[in-house]
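Below is one structure, written out as C-alpha cells; comments come after it.
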Amino acid sequence: LEVFGEMKRRGVEPDTVTLNALISAMEKAPGGSQWEKALEVFGEMERRGVEPSTVTFSALISAMEKAPGGSQWEKALEVFGGMKRRGVEPDTVTFNALISAMEKAPGGSQWERALEVFEEMERKGVQPN
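Here the sequence shown is numbered in the numbering used here, starting from 1489 and rising by one per residue.
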C-alpha cells in the first residue's frame, strides 16, 4: 500500500497489472486476507477507468475465500456475477477460488452452490484441476 500511495503522490497512473498486484497482496496479507481493502482497490480501479481482467476478479474472489473467520462466499458470488456482467471470462483459478470460498463458508459448507458453480465451469469448457 505504501508503494501505491507513493505512486499516487508522484502522479503515476496505475494500470491493471499494478492494481492486480495490489489486490493479490491484500489476499496474502500477514494476519489473513484484507478482502475489504481489496474491494477498495477494486473501487479505485473502477473510478480510474482501469479495466479489470480475469486476474483481477480471481484475486478478489480469492481474497474473499481467505477471509479471517471464514470465507465471504456471498460477496465472492456477487463479484463473480459482476465479472460475468462485464463479459470477463472466468478461468480455472476463478472457479477454484469460488468453489473453495463456498467450501469454507462460516456455519458449514455451501456444497450445493459449489456444485452449481462446478457445473457452470464444465458448461463453459473450463478444465478443472
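We put the beta carbon where it would ideally sit given N, CA and C, even for glycine.
Considering Cα atoms alone, identify which of the options is closest to residue i.
i, options, result
"Lys-1525", "Asn-1508, Glu-1562, Met-1609 and Leu-1565", "Asn-1508"
"Trp-1523", "Thr-1580, Glu-1490, Gln-1560 and Met-1609", "Gln-1560"
"Glu-1515", "Glu-1553, Pro-1540 and Lys-1496", "Glu-1553"
"Phe-1530", "Ala-1517, Glu-1591 and Asp-1503", "Asp-1503"
"Gly-1557", "Met-1533, Pro-1594, Glu-1566 and Leu-1510", "Pro-1594"
Consult DSSP for residue i and reduce its assignment to one of helix, strand or coil.
i, result
"Leu-1489", "coil"
"Val-1605", "helix"
"Arg-1574", "coil"
"Arg-1611", "helix"
"Glu-1539", "coil"
For a quick check, are the C-beta atoms of residue i and residue j less than 8 Å apart?
i, j, result
"Ala-1551", "Leu-1586", "no"
"Thr-1580", "Val-1614", "yes"
"Pro-1540", "Val-1505", "no"
"Ala-1555", "Ser-1597", "no"
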